[in-house]
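Here the structure comes first, spelled out in structure tokens, and everything after it is commentary.
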Amino acid sequence: MAKVLILFTHPALEKSRVNKPLLQHAKMVDNVTIHDLYEHYPDFNIDIQHEQQLLLQNDIILWHHPLYWYNSPALLKQWIDLVLEHGWAYGSQGKALVGKKITNVITSGGAADAYSKEGHNNYTIEEFLAPFIQTAKLCNMQYLEPFKVQGTHKLTQPDIEEHAIRYKNFLTQLTTN
Amino acid sequence: MAADSFFTQALVYLSAAVVSVPIAKKLGLGSVLGYLIAGIIIGPAALGWVGEEGKDILHFAEFGVVMMLFIIGLELEPALLWRMRKSILGLGGMQVVATAILITSIAIFLNLNWQASVAIGLILALSSTAIVLQTLNEKGLMNTVSGQNSFAVLLFQDIAVIPILALMPLLITDVSNKASDGQIAFIDQFPSYLQTIIVLGAVASIIVAGKYIIRPVFRIIAGTKLRELFTAAALLLVIGITVLMSLVGLSPALGTFLAGVVLANSEYRHELISDIDPFKGLLLGLFFISVGASIDFNLILANPTSILLLVAGLMLLKGIILFVLGRFFKMGLDQNLLFSFSLAQMGEFAFVLFSFTSQNNIIEPALTSKLIAVVAVSMALTPLLMLINEKLILPRIGTKEKDERETDTILEKNPVIIAGFGKYGNIVGRLLMANGVGTTVLDYNSDRVEILRKLGLKVYYGDPTRHDLLHAAGADDAKIIIVALESDEQSIELVETIKKHFPHLKIMVRAGDRFDAYEHIESGVNHVYRETLDSSLRMGTDALKLLGFRAYQAQRAAHKFFKYDEKALKELATIKHDKKLYLDTAKNRIAELEELIKADLADTQSTNDLGWDTESLRKQF
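Sequence lines, in order, name chains F and X. Residues 206 to 382 (the working numbering) make up the first sequence, in order. Residues 1447 to 2067 (the working numbering) make up the second sequence, in order.
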């Protein structure tokens, strides 16, 4: 049984249609810890030790966030800057995260076909996620295939429900593998 | 008609209070002096609206003192009382004994017989609990060393009244003339060993009842959810103890004080305080008015020099004894002066005791009425003397004290000076010190300075509003001065001094409320901090969170509120003198703010934080 940590980062969950159901379904899965960063650190004052402890206690880390301007919300960047310390997460002495798995769980307004060389966003999602992928690599973590919910602007309630179930299955699979 | 005269009297007393107390307060004289002046005005001396019945009212109003002691007991935890035992017994005991002996000796020297001398000595040794505690409370001085010590002495005096009352009958020379007196309680029919047992039993019953009976009873009464019933029960408790204490010949004030202490740790403490407090306030006010009205100006005018000399001599004598004792108990000069000035008067117990000694011919009636006038005048003078001490003497003494203490030659050159290290300044100071910022602290409370120094903090004693002290504190080289004085008047004074003598300093000021903030903004201070604003907003934020708001949303709402309120504050400060414009603008600001908040929190249609809002995008698709 692998333990999964969801680092949920959304500055305005109260306005989100998609992420609320996603979270609700995630809660149903055993061995999944949801850590709501904006709820814990509304002042951006991240408790580094606590965060590092959480990372050590889990095997798979998920950066769960909406894609804002082809990137994560500000607090997740702050989290990466502060928590993944040199000598702890990377560097010759930094072995804390070696072998753990990590990936992004993203919701994006634009549809999947917009994220391609031919689409109006010009790059693929994976290309936009390059900083995350490289961060994982530098920390000797294994970067998994990201979980994507795309085209959220056009999603209907049943569509959203479907994605939420897909997320639940994704998590169940991660914990049981 | 009785009712008619009752209402007429009430009309006179209440209007006297309502008119004179606010005026006295406005003039900075304090409420006690206001009530006393009101009494003098409606009394026989001036308008003559109150005549002989004033004395009965005085007796009735003394019940206010009983209630005050009950509240003081409630506010005092048993542990604190236990810690005060040295000051109560030592300081209080020595004050009563020394003063009584000295006054008795002087009376004997003036050819009074020894019985009368002892009676006068004992009676005049006592001070006025009502006036002293009310004045100290109003000035917020109860928790200072002098306040605590004054209280300790008064408490001892309250206890001392019991043996003094017991002693009085022994001083009667002409036994045939012994008047039957209501004061002598039913307890006197018992032999003395039984009396002792009854007295101890009464005290024990208050403690036991307070611990085991009163609380469950209050629980039941509170369960009825009838507010007035709880008030009635609280009054019943106080009156019940008063009756019990009078029966066994103890001071009711002492009994209720004890009950208060026993209940101090109970869950009904604050409820009891808030229920009894208005009664206490009214009765005490009535008491002070009666004291004012009872001053016999005809008698004073008949022989002004002897009365005034007696007042001056007695108060000086008592004051000196207090001052010497204060020194002995290691009080700082400023605290000691306050202590001595507070307790130098004679007290209300004198009225009761003198009526007893007069009825029983221990002291001749002519002298008695003279002494009663002396007592009343000394009581009326007390708030005035304390005011003189506070405004005229203490500011000067501050200088002397400074010279006596070598520590106050300040050598450091720190970038920050903090004036006032009370509850506000100490937090600012600790943050700065914890981050290695050199900070010089000035404080005008010698006891606090003493304690903080013992903790190893570099705190200096002195009046920060004096520019020479600021100079000594390194104001010439400092960058910032933080004004965190507890009094806003002093803050304004300090700011003026800084601007005049040290214009290069950046001034940061704590403001008590919005209106103090206006004054500081108006005087050109850029950094004004309202004392309670941040913590109120923090509480509001947490309340939103407890209601289920997202932490980040709640925090941003509070930030927005904060920014808007600060902006409105600056704007309103510029027009606060134009009352009409001020009110209009204030109303508009409030309305605007309301709208802002509504818009912010109402729904996902919010006009704010559009960056996180997908609504408009979704519409485009």
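Glycine included, C-beta positions come from ideal geometry on N, C-alpha and C.
DSSP-derived helix/strand/coil call for X:I1577: DSSP places X:I1577 in helix when its eight states are reduced to three.
Cut-off 6 Å between Cβ atoms - residues of its own chain near X:L1857, not counting five sequence neighbours on either side: Because the pLDDT at X:L1857 is just 49, under 50, the model does not fix this residue reliably, and the point stays unresolved.
Check whether X:L2015 and X:A1963 have beta carbons under 8 Å apart: Yes, they are a contact pair.
Run of the beta strand (DSSP E) containing X:R1437, from where it starts to where it stops: Outside the modelled stretch of chain X, which goes from 1447 to 2067, sits residue 1437 of chain X, for which no answer is possible.
X:S1740 vs X:L1572 beta-carbon contact at 8 Å: Cβ distance not < 8 Å, so X:S1740 and X:L1572 don't count as in contact.
Contacts around X:T1545, its chain only, beta-carbon distance under 7 Å, and the 5 residues preceding and following it disregarded: For X:T1545, same chain residues with a beta-carbon under 7 Å away, outside a window of 5 residues either side, are A1571, K1764 and I1767 in chain order.
Collapsed DSSP secondary structure at X:R1773 in the structure displayed: Looking at X:R1773 - three-state DSSP - the assignment turns out to be helix.
Chain X within 8 Å of F:Y243, Cβ atoms only: For F:Y243, the nearest CB of chain X lies under 8 Å from its own CB, placing it at the interface with that chain.
Cα-Cα separation between X:R1912 and X:H1947, rounded to whole angstroms: For X:R1912 and X:H1947, the distance between alpha carbons rounds to 10 Å.
For F:Q347, the three-state DSSP class (helix, strand or coil): Collapsing the DSSP output to three states places F:Q347 in a strand.
CB of X:V1512 within 8 Å of CB of X:Q1580, strictly: By the CB criterion at 8 Å, X:V1512 and X:Q1580 fall outside the cutoff.
Residues that DSSP places opposite F:Q355 in a beta bridge: The beta-bridge partner set that DSSP reports for F:Q355 consists of F:S313.
Pairwise C-alpha distance: X:A1606 and X:K1501: In a straight line, the C-alpha of X:K1501 is about 24 Å away from that of X:A1606.
Buried/exposed call for X:T1454, threshold 16 Cβ in 10 Å: The residue in question, X:T1454, is exposed, as its Cβ has fewer than 16 Cβ neighbours within 10 Å.
Interfacial residues, the stretch 214-248 of chain F to chain X, with Cβ spacing under 7 Å: The stretch 214-248 of chain F vs chain X, Cβ under 7 Å: P216, A217, L218, E219, K220, Y243, E244, P247 and D248.
Inside the stretch 1628-1692 of chain X only - beta strand (DSSP E) runs reaching at least 3 residues: Runs found: none.
F:M206, buried or exposed, once every other Cβ within 10 Å from all chains shown has been counted against 16: Under this definition F:M206 is an exposed residue.
C-alpha gap between X:A1865 and X:T1886, whole angstroms: In a straight line, the C-alpha of X:A1865 is about 9 Å away from that of X:T1886.
Strand pairing of X:L1888, partner residues [DSSP]: Bridge partners of X:L1888: X:A1865 and X:Y1906.
C-beta contact flag for X:A1648 and X:V1694 at 8 Å: Yes, Cβ-Cβ distance for X:A1648 and X:V1694 is below 8 Å.
Three-pair Cβ contact test at 8 Å for the stretch 1555-1567 of chain X versus the stretch 1535-1542 of chain X: With a cut-off of 8 Å, the stretch 1535-1542 of chain X and the stretch 1555-1567 of chain X do not count as touching, because too few Cβ pairs lie within range.
Cutoff 7 Å; reference X:T1987; Cβ partners in own chain excluding five residues on either side: Residues A2000, Q2001 and A2004 of the same chain have their beta carbon placed closer than 7 Å to that of X:T1987, with the five preceding and five following residues left out of the count.
Contacts around X:N1835, its chain only, beta-carbon distance under 8 Å, and the 5 residues preceding and following it disregarded: Hits under 8 Å: L1783, L1784 and F1787.
Contact with chain F by X:T2060, beta-carbon distance below 8 Å: Closer than 8 Å: yes.
Three-pair Cβ contact test at 8 Å for the stretch 364-381 of chain F versus the stretch 227-247 of chain F: Yes: the two stretches touch, three or more of their Cβ pairs being nearer than 8 Å.
Supposed contact pair F:P351 and F:I311 - C-beta distance, whole angstroms, cut 8 Å: Taking a contact as a CB-CB distance under 8 Å, the pair F:I311 and F:P351 counts as one, their CB atoms being some 6 Å apart.
Which of helix, strand or coil DSSP assigns to X:K1952: Three-state result, X:K1952: strand.
Sufficient close CB pairs (3 or more, under 8 Å) joining the stretch 1794-1801 of chain X to the stretch 358-377 of chain F: Flag = no, the stretch 1794-1801 of chain X and the stretch 358-377 of chain F do not touch.
Selection of the stretch 304-316 of chain F by Cβ proximity to chain X, strictly under 7 Å: So the list reads G314, given in the order they occur along the chain.
Helix, strand or coil at F:D241 [DSSP, three-state]: In the structure shown, F:D241 sits in a strand (DSSP, three-state: E or B).
Other residues of its chain near F:G314: CB distance less than 6 Å, five sequence neighbours each side excluded: So the list reads T357 and H358, once near-sequence residues are dropped.
Integer Cβ distance of X:L1520 from X:I1719, believed to fall under 8 Å: In this structure X:L1520 is in contact with X:I1719, their Cβ atoms being roughly 5 Å apart against a cut-off of 8 Å.
Three-way DSSP call (helix, strand, coil) for F:P271 in this model: Here F:P271 sits in strand by DSSP.
Three-state secondary structure (DSSP) of X:Y1870: Look at X:Y1870 here: in three-state DSSP terms it is coil, with no helix or strand label.
Of the listed residues X:L1760, X:V1929, X:L1460 and X:G1586, nearest to X:S1736 (C-alpha basis): When only C-alpha atoms are compared, the closest one is X:L1460.
C-beta atoms of X:G1706 and X:I1534 nearer than 8 Å: No; because the gap between Cβ atoms is not below 8 Å, this pair is not in contact.
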